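Peer 1: Before anything else, here's the structure in question.
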Amino acid sequence: METVYDFNVKMKNDKEKLLRDYEGKILLIVNTASKCGLTPQFTGLQELYDKYKDKGFEILGFPCDQFNNQEFENIEETTQFCQLNYGVTFPIFAKIDVNGENEDPLFTFLKEQKKGIMSKNIEWNFTKYLIDTNGKVAERYAPTTEPNKIENDLRKLISM
Numbered sequence: 070m071e072t073v074y075d076f077n078v079k080m081k082n083d084k085e086k087l088l089r090d091y092e093g094k095i096l097l098i099v100n101t102a103s104k105c106g107l108t109p110q111f112t113g114l115q116e117l118y119d120k121y122k123d124k125g126f127e128i129l130g131f132p133c134d135q136f137n138n139q140e141f142e143n144i145e146e147t148t149q150f151c152q153l154n155y156g157v158t159f160p161i162f163a164k165i166d167v168n169g170e171n172e173d174p175l176f177t178f179l180k181e182q183k184k185g186i187m188s189k190n191i192e193w194n195f196t197k198y199l200i201d202t203n204g205k206v207a208e209r210y211a212p213t214t215e216p217n218k219i220e221n222d223l224r225k226l227i228s229m
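Numbers in the working numbering are just positions in the sequence shown, counted from 1, shifted up by 69.
Now the structure itself:
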């Protein structure tokens, strides 16, 4: 069976990144947007990252422009915006599609592993997937789930 470690993604410089490089870590994979009402969640995501990054936790941000065009055209603008406004230090990858005919294969996999309440499709920015150390999807969180609400599930995975 596939795990997230079987996928490659594009970094902001268009180079390939093997997710196998994160093997054994707990991941939170998030589709992000810079101009969304939920964008302030970057603060909470960064707080989680700062608190647990030394315990084998990584956040992977994937900008997406599929929901009301709420992402900058240029990925450099996106990363600068995240760093300047929210102090983001976790990796922000290349802009992707999370639904439809051009959706990134990683997100196809994630959606197959954990469906949302209404459908398997991602309905909005800031849908979050918590990945265990074996590369399996442990939880899927709605866009409106604040990052601090994920902390208990994260702690359980860290203590395993």
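We put the beta carbon where it would ideally sit given N, CA and C, even for glycine.
If you're wondering where the values come from, they're calculated on a predicted model, not measured in any experiment.
1) Tell me where the alpha helix (DSSP H) around N221 begins and ends.
2) Count the other C-beta atoms from every protein chain shown that fall within 10 angstroms of the C-beta of T213, then say buried if there are 16 or more, exposed otherwise.
3) Is the separation between the beta-carbon of V78 and that of K86 shorter than 8 Å?
4) Take the Cβ of D173 as the centre, count every other Cβ of all protein chains shown within 10 Å, and call the residue buried at 16 or more, exposed below.
5) Go ahead and pull the three-state DSSP assignment for I134.
6) G130 and T101: beta carbons closer than 8 Å?
7) Return the Cβ separation of T147 and I161 in integer angstroms, given the expectation that the two are a contact with Cβ distance under 8 Å.
8) Among Y155, N190, V206, M80, which one has its Cα closest to the Cα of Y233?
9) Identify whether V166 lies in helix, strand or coil by the three-state DSSP scheme.
10) Can you grab the Cα-Cα spacing for the pair V206 / P109, in whole Å?
Peer 2: Concretely, from the data shown:
1) 220 to 228
2) exposed
3) yes
4) buried
5) In the sequence as displayed, the identity of residue 134 is Asp instead of Ile. Looking at D134 - three-state DSSP - the assignment turns out to be coil, as it is neither helix nor strand.
6) yes
7) 6 Å
8) Nothing about residue 233 can be reported from this structure: the residues present for the chain run from 70 to 229 only.
9) In the sequence under discussion, the amino acid at residue 166 is Asp, which differs from the Val named in the question. When DSSP states are grouped into helix, strand and coil, D166 belongs to the strand group.
10) Approximately 25 Å between the Cα atoms of the pair.
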